[in-house]
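Trainee: Shown below is the structure under consideration.
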Amino acid sequence: MSAHPFNFVVALPAESRPLIAHFGLKRQQPDGDFPIYQKGTISLIRSGTGKVAAKKATCALLNHQQQERIWINLGIAGHASRPIGDMILARYILDETSQQQWKLPSDLDPPCELERLTTVHQPEFDYTRPGAFDMEAAGFLSALDGNGYCLKIISDNHSRPGHGMKAKWVSQLIREQLSKIEQFMGQLSHQR
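If you count the sequence shown from 1, position 150 lands on 150 in the working numbering, and the numbers rise without skipping.
As structure tokens, then:
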């Protein structure tokens, strides 16, 4: 693993636990709206759900640090047909409410497929839209002027809707992708 510094922004405790354990991150402050975990060159902030919370947490971590870092929004997402457990890198991101859009650089060769991602304002279970959908990516990217990456693990689809998703299962989905996450981090480090 490269020594290049990374920041992770995640919404849920179930999404953050596998990363905290894998990288040996420790909580940095006992109070505050957004818990921050850190070890060495890796920091993680847990935002809570929704694009407003993601934007506030990203800004809080941005204000907490001085050096240039690589930013990754990691979490779960729904998709009409992609298999549960697939990891995607968002290539095109759309904020459904504001219609603001971002596009990632095309020179990436991630260890997962590229996909369209739409940020919605509330959970959806009709699975009619194209691509993946989440609730945080647009807030994360708007705080960084689009200078971040969104890795999402598919947690629900038309065949297995996301009603009543268990935290333990969400953590398992993230845990199963840790090697690909590290591989992607290595690729990003070498590009800097």
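C-beta: ideal position from N, C-alpha, C; glycine also.
1. Return helix, strand or coil for S142, following the three-state DSSP convention.
2. Does the beta carbon of A54 fall short of 7 angstroms from some heavy atom of the ligand GDP?
3. Check whether the segment 155-175 touches the segment 69-80, taking contact to mean three or more Cβ pairs, one atom from each stretch, closer than 8 angstroms.
4. Are there three or more Cβ pairs, one per stretch, closer than 8 angstroms when the segment 20-32 is compared with the segment 94-103?
5. Between E113 and T119, what straight-line distance do the alpha-carbon atoms span, to the nearest angstrom?
6. To which residues of the same chain is P105 closer than 7 angstroms at the C-beta, ignoring the five residues directly before and after it?
7. When burial is assigned at 16 or more other CB atoms within 10 Å of the CB, is Q38 buried or exposed?
8. Sorted by chain position, which residues of the same chain lie with C-beta nearer than 8 angstroms to D109's C-beta, five sequence neighbours on each side aside?
9. Is it right to say E68 is buried, meaning 16 or more other beta carbons lie within 10 angstroms of its own, or is it exposed?
Mentor: So, from the data block:
1. Position 142 of the sequence shown holds residue 142. Correct three-state label for S142: helix.
2. With respect to small molecules bound, the structure shown includes none, and the ligand GDP cannot be examined in it.
3. yes
4. no
5. Numbered from its first residue, the sequence shown carries residue 113 at position 113. Numbered from its first residue, the sequence shown carries residue 119 at position 119. Those two C-alpha atoms are separated by around 18 angstroms.
6. Indexing the sequence shown from 1 puts residue 105 at position 105. There are no such residues.
7. Position 38 of the sequence shown holds residue 38. Buried, by the Cβ-count rule.
8. Here residue 109 refers to the residue found at position 109 of the sequence shown. Closer than 8 angstroms at the Cβ level, and outside the excluded window around D109, lie Q187.
9. As a position in the sequence shown, residue 68 is number 68, starting the count at 1. That one is exposed.
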